[in-house]
DNA sequence: TCCGGGTATTTCAGTGCGCAACTATTGCGT
DNA sequence: ACGCAATAGTTGCGCACTGAAATACCCGGA
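Protein chains in written order, with the working numbering: chain A, 1 to 151; chain B, 1 to 151.
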């Protein structure tokens, strides 16, 4: 009845599971050490930094990070306390709030970014051939499409 | 100074990061729903089930899961409360403790396993070609080696 | 015998997250 | 215009997981 995994599949799944968890742990530690910031915060700052006017609505942030609204609220609270983000009423729809990356936030991000890139290089990118980078990109995008479609 | 990521590298890293996080979330939800068990518990049960006499020392469990001792202690406490694991003194070294998978634990695992495999198939294995499975296996093992070596 | 180092537990505190309840605002149907 | 459901976001509470530190115990060598 159950379609068990073949040896190849088993081997891949186990290695992938462990590796991705360990990698996440490692990057998190590096980020914490280098920038005093957990990855979830970092991701929000990156999103904001790439948005027009360094500004996004709460609901947009929730959407792109696959988060519940309360998570964003909590996170933005902390980022606001750190002085990296400020809130502003949403013109046109006063129910909504905008999260805006402050200059201090941008500066913090620019300090953290090189360290983070270095970490990603050391523990991921530099370990793989260009061929493998492409393979992993294709695979990841396939997974990503499935996971977001069937959310 | 900083070696920034190329477009290919950037694309791969972002897709991989998001995909592996989403995948972990999804598998966790499925496992929780289907077996009432978080993935960390499941991994411990799997380790025990594959060990001689379904038995391992705490320090071994900590080693293979890359965990601090206290984490294992906490986890085994819960598993013991659930009746899935029992403790026993370590013969020959009374400092140590053995964690032993009970029959109930084995049964719980055998109930959970098919559901979990189905989940892994749906969200990972069945989405990739045999070629890609091999590629991902090679890539993951490369990462895994690095991450465990440089721990 | 004594002591340094190893093994495991427990307590305590911090973190991150979601649920549920709540406020405020908007849009829709009449 | 009015009332009411739906939407946006916040807040408080509790849960689960984790690690640091303190503790207790045991090993083996000098």
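In this text, a Cβ means the ideal position worked out from N, Cα and C, and glycines have one as well.
Would you say residue i faces chain B, with C-beta separation under 8 angstroms as the test?
i, result
"residue 152(A)", "Residue 152(A) is absent from the model: chain A starts at 1 and stops at 151."
"residue 117(A)", "yes"
"residue 139(A)", "yes"
"residue 8(A)", "yes"
"residue 11(A)", "yes"
"residue 128(A)", "yes"
"residue 19(A)", "yes"
"residue 81(A)", "no"
"residue 89(A)", "no"
According to DSSP, is residue i part of a helix, a strand, or is it coil?
i, result
"residue 55(B)", "strand"
"residue 89(B)", "strand"
"residue 97(A)", "strand"
"residue 66(A)", "coil"
"residue 38(B)", "coil"
"residue 122(B)", "helix"
"residue 151(A)", "coil"
"residue 82(A)", "coil"
"residue 13(B)", "helix"
"residue 134(A)", "helix"
"residue 29(A)", "helix"
"residue 49(B)", "helix"
"residue 129(A)", "coil"
"residue 5(A)", "coil"
"residue 142(B)", "helix"
"residue 102(B)", "coil"
With a threshold of 8 angstroms between beta carbons, is residue i in contact with chain A?
i, result
"residue 114(B)", "yes"
"residue 154(B)", "The question about residue 154(B) has no answer here: the residues shown for chain B are numbered 1 through 151."
"residue 49(B)", "no"
"residue 123(B)", "yes"
"residue 35(B)", "no"
"residue 26(B)", "yes"
"residue 132(B)", "yes"
"residue 142(B)", "yes"
"residue 22(B)", "yes"
"residue 44(B)", "no"
"residue 120(B)", "yes"
Under 7 angstroms Cβ to Cβ from residue i, same chain only, skipping five residues before and after it: list those, please.
i, result
"residue 37(A)", "31, 112"
"residue 29(A)", "none"
"residue 47(B)", "56, 61, 64"
In its own chain, which residues sit with a C-beta less than 8 angstroms from the C-beta of residue i, not counting the 5 before and 5 after it?
i, result
"residue 76(A)", "44, 58, 61, 85, 87, 99"
"residue 166(A)", "What is shown of chain A runs 1 to 151, which leaves residue 166(A) out entirely."
"residue 106(A)", "49, 54"
"residue 144(B)", "none"
"residue 5(B)", "13"
"residue 125(A)", "133"
"residue 147(B)", "none"
"residue 128(B)", "136"
Looking only at its own chain, which residues have a Cβ that is under 6 angstroms from the Cβ of residue i, when we skip the five neighbours before and after it?
i, result
"residue 55(A)", "98, 100"
"residue 2(A)", "none"
Below 8 angstroms, can you find three or more Cβ-Cβ pairs linking the region 16-36 of chain A to the region 9-24 of chain B? The region 16-36 of chain A, when compared against the region 9-24 of chain B, does touch it at the 8 angstroms Cβ threshold.
Three or more C-beta pairs under 8 angstroms: does that hold for the region 96-106 of chain A against the region 72-87 of chain A? A contact exists between the region 96-106 of chain A and the region 72-87 of chain A.
Okay, do the region 36-45 of chain B and the region 117-126 of chain B touch, 3+ Cβ pairs below 8 angstroms being the bar? Verdict: no, contact absent.
Can at least three beta-carbon pairs, one atom from the region 3-15 of chain B and one from the region 61-77 of chain A, be found at a separation below 8 angstroms? Taking one beta carbon from each stretch, the region 3-15 of chain B and the region 61-77 of chain A have fewer than 3 pairs nearer than 8 angstroms; the two do not touch.
If contact means a Cβ-Cβ distance below 8 angstroms, which residues of the region 55-79 of chain B contact chain A? If the cut-off is 8 angstroms between Cβ atoms, the region 55-79 of chain B has 66 near chain A.
Taking Cβ-Cβ distances below 7 angstroms as the criterion, which residues of the region 96-112 of chain A are in contact with chain B? Residues: none.
Check whether the region 130-139 of chain A and the region 135-143 of chain B are in contact - that is, three or more C-beta pairs closer than 8 angstroms. Yes, since at least three Cβ pairs between the region 130-139 of chain A and the region 135-143 of chain B fall closer than 8 angstroms, the two stretches touch.
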